[in-house]
Each structure stands twice: as C-alpha cells, then as structure tokens.
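Numbering (my numbering), first residue to last: 113 to 406.
Note that CB positions come from ideal geometry on N, CA and C, so glycine has one too.
For reference, the structure discussed in these notes is given below.
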C-alpha cells in the first residue's frame, strides 16, 4: 500500500473512532439517566474498548505513514533520524504528540471505576478531536485568522462527532422503550437527544459553512478541482443526514403514540442510515483533507 493511502486509511479509522467515542460517551454521561446509561454501557463496553484500541493503533501507525508521505517512501518511515525530525520539527509531529496524550487518556479511562469510564473516554476522545485542528487547513493561515479557523474546526468536529456518536447508544435506548421498567428513563433520554440534537445539527451546518468560506471564500462549484468535488459530495451527504434527522424527529417520533413497534423500527433504521452516511462523510474528509484546497 502506498504511504498516502495508508495515511488516509489511518485518518479515516482514527477520526471515526474518536467521533463515535466522543458522541456516545458524552451522550451517556451528560444526557442519559444513570439507570439507562449503565444498561447501555454494559451492553456496549467491549465495543467501546475495541474502538479505543483502533484509535490507539491508528495513532501509532499514522506517524510512520506521515513520515513516509512527507519523505521518500516507506524507507524513511523506518529511519529513526527522519522519524525524529518529523516528530519534533513539524506541525504533523506536534499534532501526533497531542494525539498520543489523547490515546493514553482513553486507554487509562478503562482503569477507572466503571462509573467514571464513560466520562474518561468522553474527555480523552474529545481532546483528540480538538487536536485534529492542529493539522487542518487552518495551518495555512496566519495570526488571529488561523486561531479563529482552528476554533471553528474544533467546534465543527465536536458538534459533528456529538451528533454522529450519540446515534450509536440511541439505538439500544430505543429498544429499551419497550421495557416497562425502562420506559420513563429511556423516553427522557430520547427527548434530551432530540432537544440537543437540534442544536448539534444546526451548529454542524453553520460551522461547516464558515469553514468553506474561510478556505475557499466561495461555494465548491468547480468540479474540475478534486477538493471541491469531494467537498460538494460531503455537503450533500450532510444534507441527507440532516433530512433523516428531521424525518426521525418530526415524522417517526410522533408515530410512537399511535404505532409504537413500527415507529421505533423506523427510528432505528433511520438512525442506522445516519450513522452509515456519517461514516462515509468521515471517509471523504480523510481523503480531501490531504488535498490542496483550490
């Protein structure tokens, strides 16, 4: 595999892992009643651990992959001197060091008491997501504009990850609505997801528009540019996710009172579709994030 492809694959798996962990664990920690969060955690703990392992491994692999891409291929990735120079003398290396700290935080979260692991994972993955701004296109800017762009990048990935990741525990929570002993708390978790989800979707769209204007200063309408073509596809996919979110909230949720089984099945399928589209968006960003933004 070419180093560029390996780096894109690492970016995709790493970013997707961070987003899923951040959104899922933040939702379970801050918005889901403790009784429901504990049930969902026990159902999903192994999956969260495996996702954490993926995030840590892709963090480790990304440094030699980036070194090979910056240098003259995989031979440079195995050269200690070149690795040292990339690690300590480039923004890529500085960002990798921060990602290493975030990965350590996530791994150490599993050493905490079970009641605190969700919070530990949320903090570690959120920190890792925020660190992604260090190697974004904001690095091409100078001064206060660079800082403003980085702040917007952080806001964009945290709200986007919050939206996407929270959909993962939402699916088992929808199943818990059918249990009489869980119905009240599961319903509260669903209402809180809906309320905060409105803001998350709006902020993702607004911060995405700001990013596009800061980078291109216009809409991505020149499809002869690979960057603009992939960005336009990303925008279309996010619009599709937003449409599904609106459909879930304003069509399927009101059905729960009239036909609970069909409404909940529709909500689960809609949520799964949003997750699939969201992962596709992360894949696109992993590719066009390495392209010249012209």
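task: Specify, as a first and last residue, the run of the alpha helix (DSSP H) that residue 487 falls within.
output: Given a span of 113 to 406 for the chain in the structure shown, any question on residue 487 remains unanswerable.
field: Run of the alpha helix (DSSP H) containing residue 335, from where it starts to where it stops
entry: That residue, residue 335, is in no alpha helix (DSSP H); it is neither H nor E in DSSP.
- prompt: Is residue 136 closer than 7 Å to residue 280 when the C-beta atoms are compared?
  reply: In this structure, the beta-carbon distance from residue 280 to residue 136 falls below 7 Å.
task: Can you tell me which of 165, 332, 343, 359 puts its alpha carbon nearest to the alpha carbon of residue 397?
output: Relative to the Cα of residue 397, the nearest Cα in the group 165, 332, 343, 359 belongs to 343.
Contacts around residue 374, its chain only, beta-carbon distance under 8 Å, and the 5 residues preceding and following it disregarded: Non-local C-beta neighbours of residue 374 in its own chain, meaning closer than 8 Å and more than five positions away in sequence, comprise 367, ordered along the chain.
task: Give the single residue among 141, 353, 130 whose Cα lies nearest to the Cα of residue 227.
output: Looking at the Cα atoms, 141 is the closest of the given residues.
task: Starting from the C-beta of residue 247, find all residues in its chain whose C-beta is less than 7 Å away, skip the five residues before and the five after it, and write them out in chain order.
output: Result list for residue 247: 203, 204, 207, in chain order.
query: In whole angstroms, what is the alpha-carbon distance linking residue 284 and residue 406?
result: CA-CA distance, residue 284 to residue 406, rounds to 43 Å.
Any 3 or more C-beta pairs closer than 8 Å across the segment 190-199 and the segment 166-179: Taking a contact to require three or more Cβ pairs closer than 8 Å, the segment 190-199 and the segment 166-179 qualify as touching.
- prompt: In whole angstroms, what is the alpha-carbon distance linking residue 128 and residue 391?
  reply: Approximately 7 Å, taken between the alpha carbons.
message: Helix, strand or coil, according to DSSP, for residue 114 in the structure here?
response: Three-state result, residue 114: coil.
message: My output table needs one value for residue 183: the three-state DSSP class, helix, strand or coil.
response: Collapsing the DSSP output to three states places residue 183 in coil.
- request: Kindly indicate which three-state DSSP category residue 222 falls into: helix, strand or coil?
  value: It is coil, neither helix nor strand.
- request: Specify the secondary structure class of residue 258 as computed by DSSP and reduced to three states.
  value: Residue state, collapsed to three classes: helix.
field: Beta-carbon proximity check, residue 361 vs residue 306, cutoff 7 Å
entry: Yes, the pair counts as a contact, with Cβ atoms nearer than the cut-off.
Residue 393, enclosing alpha helix (DSSP H) - first and last residue: Per DSSP, residue 393 belongs to the alpha helix (DSSP H) from 372-400.
- prompt: Just reading off the alpha helix (DSSP H) that residue 194 is part of, what are its end residues?
  reply: DSSP places residue 194 inside the alpha helix (DSSP H), whose first and last residues are 192-201.
- request: Note down, in chain order, each residue of its chain lying with its Cβ closer than 7 Å to the Cβ of residue 126, except the 5 sequence neighbours on either side.
  value: Excluding residues within five positions, the ones whose Cβ falls inside 7 Å are 167, 170, 171, 174.
query: Relative to the alpha-carbon of residue 272, which residue among 130, 145, 116 has its alpha-carbon at the smallest distance?
result: Of 130, 145, 116, the residue nearest in Cα terms is 130.
field: Cβ-Cβ distance between residue 229 and residue 221 below 7 Å
entry: In contact: residue 229 and residue 221 (Cβ atoms closer than 7 Å).
- request: Alpha carbon to alpha carbon, how far is residue 225 from residue 293? Give it in angstroms, no decimals.
  value: Answer to the nearest angstrom: the Cα atoms are 26 Å apart.
query: With 16 other CB atoms within 10 Å as the buried threshold, where does residue 377 fall?
result: It counts as exposed.
- prompt: Is the segment 113-123 touching the segment 381-388 in the sense that three or more CB pairs, one from each, lie closer than 8 Å?
  reply: Contact between the segment 381-388 and the segment 113-123 is absent, with fewer than three C-beta pairs closer than 8 Å.
task: Give the secondary structure of residue 404 by DSSP, where H, G and I count as helix, E and B as strand, and everything else as coil.
output: Residue 404 carries a coil assignment under DSSP once its states are collapsed to helix, strand and coil.
task: For residue 350, name the three-state secondary structure that DSSP assigns.
output: In this structure, DSSP gives residue 350 a helical state, which the three-state scheme calls helix.
message: Which of the three DSSP states is assigned to residue 174 in this structure?
response: Three-state DSSP puts residue 174 in a helix.
task: In angstroms with no decimal places, state the Cα-to-Cα distance between residue 351 and residue 191.
output: Rounded to whole angstroms, residue 351 to residue 191 spans 44 Å at the Cα level.
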